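Scroll down for the structure; my scribbles are underneath it.
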Amino acid sequence: EAGVAQSPRYKIIEKRQSVAFWCNPISGHATLYWYQQILGQGPKLLIQFQNNGVVDDSQLPKDRFSAERLKGVDSTLKIQPAKLEDSAVYLCASSLSLGLAPFAYNEQFFGPGTRLTVL
Amino acid sequence: DQQVKQNSPSLSVQEGRISILNCDYTNSMFDYFLWYKKYPAEGPTFLISISSIKDKNEDGRFTVFLNKSAKHLSLHIVPSQPGDSAVYFCAASMRVETSGSRLTFGEGTQLTVNP
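In the order they appear, the protein sequences are chains A and B.
According to the numbering used here, the first sequence is numbered sequentially starting from 1.
According to the numbering used here, the second sequence is numbered sequentially starting from 120.
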């Protein structure tokens, strides 16, 4: 079974430029997540999709970040315009479903990430 | 507001000995806890988990202990092997009405197992 695919793996841009990242989740996984991992910190959830709908974007800086999952499969995360503090690894993850049962958890499978450097 | 904290950025142990990685949390609403392992240039991979209604879960060489009163969990690796060298993230899950659950990660601990 193929894992979560992400591209590009590395990106270097100047501040105020735009950038986009792509993610293809594991086949059949309805839930897709984008995380930001700044150096020395753990991953932080930016946005979560269930099929093609957003179910959690409370931690997404909406003035510059946007994401879509139009057909409920692959997804794109965009930053426009980028700031120096956006330098981080952007991780995409997917899971079978939301995992609504109490005291249970639906495992998230992570892609390799895209390392963004903003100069 | 750091709700999940791993106070040790790094840990070095000898092969064959026990590795103990620690994690503290502040939010009583967390109901599930996980450990993820991350190698360089790869995404985190799930290692082991524990529900908040349990105090121990064991899987081979890996055991996770949960002390709810202290809001503390730990991961024990026995015996440690050089291939265990990686960054270990503690994560806690909380129920969210609209999205099912949300994971909050600690900062990670770099484990180095020396041959």
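Backbone N, C-alpha and C define an ideal beta-carbon position, used for all residues, glycine too.
Quick caveat, the model's predicted, so the values are computed rather than measured.
Taken in chain order, the members of the region 16-47 of chain A whose beta-carbon sits within less than 9 Å of a beta-carbon on chain B are 31, 33, 35, 37, 40, 41, 42, 43, 44 and 45.
If you compare the alpha carbons of B:181, B:215 and B:188 with that of residue 140 (chain B), the shortest gap goes to B:181. If only uninterrupted beta strand (DSSP E) runs of at least 3 residues are considered, those enclosed by the region 17-58 of chain A are 19-24, 31-37, 44-50 and 53-56. When DSSP states are grouped into helix, strand and coil, residue 202 (chain B) belongs to the helix group. In this structure, the beta-carbon distance from residue 132 (chain B) to residue 199 (chain B) falls below 8 Å.
Taking CB atoms only, residue 135 (chain B) has no neighbour in chain A less than 8 Å away. Pairing residue 217 (chain B) with residue 55 (chain A), the inter-Cα distance amounts to about 6 Å.
DSSP places residue 84 (chain A) in the helix class (H, G or I) of the three-state scheme.
Between the region 181-191 of chain B and the region 12-19 of chain A, the count of C-beta pairs closer than 8 Å stays below three; the two stretches do not touch. Here residue 221 (chain B) is buried, its C-beta having at least 16 other C-beta atoms within 10 Å. In this structure residue 134 (chain B) is in contact with residue 232 (chain B), their Cβ atoms being roughly 6 Å apart against a cut-off of 8 Å.
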